[in-house]
Amino acid sequence: MNEAELITFFKDIHAHPELGFAEKRTTAKVLRALRAHGIRTLDTGLPTGTIAVVGGRRPGRTIGLRCDMDALPIQEETGLDYASVNPGVMHACGHDAHTSIMLAAATLLKAEEDQLDGSVKIIFQPSEESANGASRVMATGLLDDVDEFYAVHCYPWFRSGTLGIREGAVMAAPDSFRIEVRGRGVHAAQPFKGVDPIPAAATIALAAQGILRRTVDPFSPAVLSVTHIAAGSTWNVLPDSALLEGTVRTLNPQDRERIRAELRQLSQSVAEAHGCTAAFHWGAGPAAVINDAALCDAARRLALEMGFRVERQEDTMGGEDFSVYLEKRPGAFLRVGTGGGYPSHHAKYCVDPSALWPAARFFACLAMERARP
Ligand code: NI
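For the sequence shown, this note's numbering assigns the number 92 to the initial residue and increments by one for each residue that follows.
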């Protein structure tokens, strides 16, 4: 695959975005391209996505290169001539670029297969946005032999030709919570005859912020947001219950566990103080993405050698299910500058196609270097 073919491929899948586990057209296109280059694939048994394998002719290590393929339920407003033709669905997180970069990297590795020690597994992962694709891919067992994992992600605040690399926690563990405060509904004129859940819910929402201030080291980033409050349906009836939902974002497992425990305790105690009960549900997301320091050094050295500008990857409290792979083996989540000027998940998010080919070359070289015994 050459640069022109890569950009054509990218524009085509940008125009045809598909949601998680519905990436059928994208998968078919990737498989066709892999086959055309004589690249072997493994049957994951999943509805979409695939794993390509290059190498295995000479002894060495096994390197995993991971991209994600799914789009978002957003109506595109970029005005690009290759904008989404699927109403309400858009590649607004650059997964089209990731897929294209790793496909091109696979073809570059295939062209160098005689020189390749060990092997490279290129993971075309479905359904990242739902945060359940990685665990399904990992559960196939097809990646048990991988020694190191690398992921690519676009970054709109660096221009093309820049890589963002940093060791340590680069993405947070995105957990969710749901608290149902139960009281006893009654006529609004007679609150003393029922148990009003609304003051309890309001107190929980306010007091929850105190958990961060008093239980988390100020040098350890953590976020707690109450994002949804619902109770009652009219002005003259006190409801039976009130609902609170939100998210907790942490970078280390101790904070994660402590905030979960404190929030549960706080909900139950505050509810009880108001004569209510609280049902607490915790929705555990993927763990934080923690980049290996030595592997980041290796990636940085190679990037500089290849003429990239290398910037410090910025912190974000967003989440990524790439951590599922990193819980098994070390690796690094690396950022590719793709310009564009709009944040990801924005209707005007776009990727500078000139960033793709250099990134494909970088990941191919990185895998080749790291696969050496
Ligand atoms: Ni993404």
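C-beta: ideal position from N, C-alpha, C; glycine also.
#### Entry: Those runs of the alpha helix (DSSP H) which lie wholly inside the segment 150 to 236 and span at least 4 residues
List check, alpha helix (DSSP H) in window: 186 to 202, 224 to 229.
### Task
Report the rounded CA-to-CA distance for V317 versus E204, giving the unit in angstroms.
Position 226 of the sequence shown, counted from the first residue, corresponds to residue 317. Position 113 of the sequence shown, counted from the first residue, corresponds to residue 204. The C-alpha of E204 is placed about 51 Å away from the C-alpha of V317.
#### Entry: Entirely enclosed alpha helix (DSSP H) segments - the segment 355 to 427, minimum 4 residues
Runs of alpha helix (DSSP H) with 4 or more residues, each lying fully within the segment 355 to 427, are found at 384 to 396, 414 to 417, listed in chain order.
### Query
With respect to 8 Å, is the separation between the Cβ of C184 and the closest non-hydrogen atom of the ligand NI below this value?
As a working note, residue 184 is residue 93 in the sequence shown. Correct: C184 has its Cβ closer than 8 Å to the ligand NI.
### Message
E258 and D388 - do their beta-carbons sit closer together than 9 Å?
### Response
On the sequence shown, position 297 is the one that residue 388 refers to. On the sequence shown, position 167 is the one that residue 258 refers to. Cβ atoms of D388 and E258: closer than 9 Å.
### Message
So if DSSP puts R349 in a beta bridge, which residue, or which two residues, is it bridged to?
### Response
In the sequence shown, the residue the question calls residue 349 occupies position 258. Its beta-bridge partners do not exist; DSSP assigns none.
### Query
Is the segment 345 to 356 touching the segment 300 to 319 in the sense that three or more CB pairs, one from each, lie closer than 8 Å?
Touching, yes, given that three or more Cβ pairs across the two stretches are closer than 8 Å.
### Task
Note down the Cα distance separating R452 from A195, rounded to an integer number of angstroms.
In the sequence shown, the residue the question calls residue 452 occupies position 361. In the sequence shown, the residue the question calls residue 195 occupies position 104. Straight-line Cα distance between these residues: approximately 8 Å.
### Query
Which residue from S414, G428, E396 puts its Cα closest to that of Q404?
Looking up residue 404 in the sequence shown gives position 313. Distances from the CA of Q404 to each of S414, G428, E396 were compared; the closest alpha carbon is that of G428.
### Query
Where are the alpha helix (DSSP H) runs, 4 residues long or more, that stay fully inside the segment 266 to 326, in chain order?
Within the segment 266 to 326, the complete alpha helix (DSSP H) runs of at least 4 residues are 289 to 306.
### Task
Determine the closest residue to A197 out of I104, P247, F215, with distance taken between C-alpha atoms.
Along the sequence shown, read from residue 1 onward, the residue named residue 197 stands at position 106. When C-alpha distances from A197 are compared across I104, P247, F215, the shortest belongs to F215.
### Message
Using 8 Å as the cut-off, can you tell me whether the segment 154 to 165 makes contact with the segment 186 to 193, which would need three or more C-beta pairs spanning the two stretches below that distance?
### Response
At 8 Å Cβ cutoff, the stretches touch.
### Task
Confirm, please, whether the CB-CB distance from G301 to H365 is below 9 Å.
If you number the sequence shown from 1, residue 365 lands on position 274. If you number the sequence shown from 1, residue 301 lands on position 210. Taking the C-beta atoms as reference points, G301 is found no nearer than 9 Å to H365.
### Query
So what does F240 bridge to, in DSSP terms?
Counting from one through the sequence shown, the residue named residue 240 turns up at place 149. The partner list for F240 (beta bridge, DSSP) reads G155, G422.
### Query
Which stretch, first to last residue, makes up the alpha helix (DSSP H) that contains I130?
Looking up residue 130 in the sequence shown gives position 39. Taken as a continuous stretch (DSSP letters only), I130 belongs to no alpha helix (DSSP H), as it is neither H nor E.
### Query
Per DSSP, Y246 forms a beta bridge with which residues?
The residue you call residue 246 lines up with position 155 of the sequence shown. Answer is G428.
### Query
Among E396, L335, H437, V144, which has the Cα closest to the Cα of I289?
Position 198 of the sequence shown, counted from the first residue, corresponds to residue 289. Selected option, being the one with the closest Cα: L335.
### Query
Counting along the chain, where does the alpha helix (DSSP H) carrying L447 start and finish?
Here residue 447 corresponds to residue number 356 of the sequence shown, with the count starting at 1. Per DSSP, L447 belongs to the alpha helix (DSSP H) from 447 to 462.
### Message
Would you say the beta carbon of H244 is closer than 8 Å to some non-hydrogen atom of the ligand NI?
### Response
For the purposes of this step, residue 244 is taken as residue 153 along the sequence shown, with counting starting at 1. Distance from the C-beta of H244 to the nearest heavy atom of the ligand NI is below 8 Å.
#### Entry: Nearest-angstrom Cα separation, counted from A299 out to L393
Sequence index remark: in the sequence shown, residue 393 carries index 302 (1-based). Sequence index remark: in the sequence shown, residue 299 carries index 208 (1-based). Spanning the two alpha carbons is a distance of roughly 45 Å.
#### Entry: Boundaries of the alpha helix (DSSP H) in which E96 is found, first to last residue
Position 5 of the sequence shown, counting from 1, holds the residue named residue 96. 94 to 106 is the span of the alpha helix (DSSP H), which, as asked, contains E96.
#### Entry: Where the beta strand (DSSP E) through T139 begins and ends
Taking the first residue of the sequence shown as position 1, residue 139 is located at position 48. Premise fails: T139 is in no beta strand (DSSP E) and is neither H nor E.
### Task
Please go through the same chain and pick out, in chain order, the residues whose beta-carbon is closer than 6 Å to the beta-carbon of A242, but skip the five residues on each side of it.
Position 151 of the sequence shown, counted from the first residue, corresponds to residue 242. A distance below 6 Å between beta-carbons, with the five flanking residues on each side excluded, links A242 to the following residues of its chain, in chain order: R157, F413, F424.
### Query
Excluding the five sequence neighbours on either side, which residues of its own chain have a C-beta within less than 6 Å of the C-beta of I270, listed in chain order?
The residue labelled residue 270 in the question sits at position 179 within the sequence shown. Sequence-distant Cβ neighbours of I270 in its own chain, meaning closer than 6 Å and more than five residues away, are L335, S358, A369, F371.
### Query
What three-state label does DSSP hand A333 in the structure shown?
Position 242 of the sequence shown, counted from the first residue, corresponds to residue 333. The answer is strand: DSSP assigns A333 an E or B state.
### Message
Taking 6 Å as the limit between beta carbons, can you name the residues of its chain near G430, skipping five residues before and five after?
### Response
Residue 430 sits at position 339 when you count from the first residue of the sequence shown. Within the same chain, R250, S251, D443 come within 6 Å of G430 by CB-CB distance, once the 5 residues on both sides are set aside.
### Task
Could you check the C-alpha separation between L133 and W248 for me, to the nearest Å?
Walking along the sequence shown from the start, residue 133 turns up at place 42. Walking along the sequence shown from the start, residue 248 turns up at place 157. It is roughly 35 Å from the alpha-carbon of L133 to the alpha-carbon of W248.
### Query
Mind checking whether T153 and V237 have CB atoms under 9 Å apart?
Translated into the one-based positions of the sequence shown, residue 153 becomes position 62. Translated into the one-based positions of the sequence shown, residue 237 becomes position 146. A distance below 9 Å separates the beta carbons of T153 and V237.
### Query
Do you know how far the Cα of H107 is from the Cα of G179?
If you number the sequence shown from 1, residue 179 lands on position 88. If you number the sequence shown from 1, residue 107 lands on position 16. The straight-line gap from Cα to Cα measures roughly 11 Å.
### Task
Please determine, among Y440, A455, K419, the residue with the shortest C-alpha to C-alpha distance to A225.
Counting from one through the sequence shown, the residue named residue 225 turns up at place 134. Restricting attention to Y440, A455, K419, the CA atom closest to the CA of A225 is found in K419.
### Query
Going by beta carbon distance, what residues of the same chain come within less than 6 Å of H128, once the five residues before and after it are set aside?
Counted from its first residue, the sequence shown places residue 128 at position 37. Cβ-Cβ distances below 6 Å link H128 to T198, K201 in the same chain, with the five nearest sequence neighbours on each side left out; the list follows chain order.
### Query
How about H278 and N343: are their beta carbons less than 9 Å apart?
The residue given as residue 278 occupies position 187 in the sequence shown. The residue given as residue 343 occupies position 252 in the sequence shown. Contact: no.
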